[in-house]
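Student:
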Amino acid sequence: MLTSDELLLSAIAGGDEKAFDAFFARYYAKMKYFVKGLCHDEYAAENIVQDIFMNLWVRRGELEGIRSLDSYLFTSARNSALRALRERLRQQPEENIPEAEANTTEEDVYLRELEAMIDRRVARMPAQRRRVFLMSRRDGKTNADIARELGISIRTVETHISAALADLKELKFFLLLLMLNFN
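Just so it is clear: in the sequence shown, position 68 is 62 by our numbering, and no numbers are missing.
The following block contains the structure:
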């Protein structure tokens, strides 16, 4: 039996704009709150989350293989926020970083620990699964691009990504605790 998220993703993959609107309404605020906690910038959080949803719509045909929507969305949000932070730090000299951002807070400790947990979990994945997952989530490549580059079928790519997300799903409880600590 399909979950409501799976039904929603299936409808979105079929181009249903109303389903996408419902999906957006269900997840936008949670994701924005999560990203804002990572980057401490309301405007950047809005842009990052809107970009994620825009990319989801553009790549909607690839959504049906996603088994854990929460893991997929929040991993995408985390990766996008970290990329934005790295870019901002690269463009901004260290002396211009506001004091609040320069100080290590309890929140930063939680985020670093979560990132370390995710990195350790990804490092323990079988080599091919890890490679496919990183190409998809870190590098932002499509399933078709990954399949072509690695000489495997798109279905095999989807299987690897689903298995990787299932591995990461075990971190969901820690992520929930982390989000509660942002309050």
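Heads up, the beta-carbon is just placed ideally off N, CA and C, and yes, glycines get one too.
If you run the structure through DSSP and keep just helix, strand and coil, what is L165?
Tutor: The residue you call residue 165 lines up with position 171 of the sequence shown. Three-state DSSP puts L165 in coil, outside helix and strand.
Student: By the three-class DSSP mapping on this structure, what secondary structure does H154 have?
Tutor: Here residue 154 refers to the residue found at position 160 of the sequence shown. The answer is helix: DSSP assigns H154 an H, G or I state.
Student: Which parts of the region 111 to 147 are runs of the alpha helix (DSSP H), unbroken and 4 residues or longer, counting only runs that do not cross its ends?
Tutor: Runs found: 121 to 131, 137 to 144.
Student: With a cut-off of 8 Å on the beta carbons, I'd call K26 and A39 a contact; round off their distance for me.
Tutor: For this step, residue 26 is matched to residue 32 along the sequence shown. For this step, residue 39 is matched to residue 45 along the sequence shown. Right, their Cβ atoms sit about 5 Å apart.
Student: For a test of the three-state rule: what should DSSP assign to A96, helix, strand or coil?
Tutor: Taking the sequence shown and counting its residues from 1, one reaches residue 96 at position 102. Confidence at A96 is low in this model, with a pLDDT of 47, below 50, so the placement of that residue is unreliable and no value is reported for it.
Student: Once DSSP output is grouped into helix, strand and coil, what is the label at D64?
Tutor: Along the sequence shown, one-based indexing puts residue 64 at 70. Reduced to three states, the DSSP call for D64 is helix.
Student: Going by the beta-carbon positions, is the gap between R84 and A7 smaller than 7 Å?
Tutor: Within the sequence shown, residue 84 is the residue found at index 90, counting from 1. Within the sequence shown, residue 7 is the residue found at index 13, counting from 1. For R84 and A7, no; Cβs fall outside 7 Å.
Student: Quick one: is L3 buried, meaning 16 or more other Cβ sit within 10 Å of its Cβ, or exposed?
Tutor: Counting from 1 along the sequence shown, the entry for residue 3 is found at position 9. With 16 or more Cβ atoms within 10 Å of its Cβ, L3 is classed as buried.
Student: D45 lies in the alpha helix (DSSP H); which residues open and close that run?
Tutor: In the sequence shown, the residue the question calls residue 45 occupies position 51. Unbroken alpha helix (DSSP H) run through D45: 36 to 52.
Student: Can you tell me the Cα-Cα spacing of D113 and L1, whole angstroms?
Tutor: Taking the sequence shown and counting its residues from 1, one reaches residue 113 at position 119. Taking the sequence shown and counting its residues from 1, one reaches residue 1 at position 7. Whole-angstrom Cα-Cα distance: 30 Å.
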